[in-house]
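J.: Residue numbers (the working numbering): 563 to 653. Every residue, glycine too, gets a C-beta built ideally from N, C-alpha and C.
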Amino acid sequence: MAASCHEVEVPGKPTETGTALLEAATGSIQGFGPVNQIHQHLCAFHFYAGDMTRQVEAHHFCAHLNEDMRQCLIFDGPDAGARLIGVDSNM
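#1: For R632, list the residues DSSP reports as bridge partners.
#2: Below 8 Å between beta carbons: does that hold for A625 and I636?
#3: Do R632 and D638 have their CB atoms nearer than 8 Å?
#4: Short of 6 Å in beta carbon distance, which residues of its chain neighbour H603, apart from the five on each side in sequence? Order them along the chain.
Encoded structure:
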């Protein structure tokens, strides 16, 4: 069975109100040019290295840099709570 971002708790205490407010304020004045280039979402299952009996659901969010190069951020789910689990560049 595939692992999901909802099955594992992230260590650490919950985000405090002051931190959330700071993130909201800075997010409104900062640029996200590289992230805004992402325009493709692919979902696949990948096997664990060294244990072909286990697999993980992987959501690739990709940007095409040119006709031959694609860069992807890989998350363990499609939702806002998903964790970054990899980065991939393909030619």
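T.: The short version:
#1: H626 and N652
#2: no
#3: no
#4: F623
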